[in-house]
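> In terms of our numbering, the sequence shown opens at residue 84 and continues consecutively.
Provided herewith is a single structure, encoded as structure tokens, for subsequent inquiry.
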Amino acid sequence: MKTRVHAITFRLDEPEYEELIKAVAARGARSISDFARSAVMNKLAAQKLNRFLDDDLSTLGIRLDTFDTALRELRRHIRHLLAMSEHGSI
Numbered sequence: 084m085k086t087r088v089h090a091i092t093f094r095l096d097e098p099e100y101e102e103l104i105k106a107v108a109a110r111g112a113r114s115i116s117d118f119a120r121s122a123v124m125n126k127l128a129a130q131k132l133n134r135f136l137d138d139d140l141s142t143l144g145i146r147l148d149t150f151d152t153a154l155r156e157l158r159r160h161i162r163h164l165l166a167m168s169e170h171g172s173i
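What follows is the structure in structure tokens.
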């Protein structure tokens, strides 16, 4: 086991505490502390994943815009070639 040297304290009202106790029991956590630590660390990991996904989605959006521009240009060239073939220029 890791040695944990930092303590975090926060206060709950009675309904919050009862909800916490139920959640700890439902998930089979060893203690409120383990449950709270896992919840906080999972939240941090999820935020990190969300930032990673946001970056990926941003990159994907840029690439899709580039692809869309290339397709528009290709359509323009095809229309031009079709017009030339209809007029017997090809």
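All residues carry an ideal CB built from backbone N, CA and C; glycine is no exception.
Residue range of the alpha helix (DSSP H) that Met84 falls in?
Premise fails: Met84 is in no alpha helix (DSSP H) and is neither H nor E.
> Looking at the unbroken alpha helix (DSSP H) that takes in Thr152, where does it start and where does it end?
Ile115 to Glu169
> Could you have a look at Leu103 and say whether DSSP puts it in helix, strand or coil?
helix
> Per DSSP, what kind of secondary structure is Ala109 in: helix, strand or coil?
Ala109 falls in the helix class under three-state DSSP.
> Identify which residue in Ala106, Ile91 and Thr92 has its Cα closest to the Cα of Pro98.
Here the closest residue by C-alpha is Ala106.
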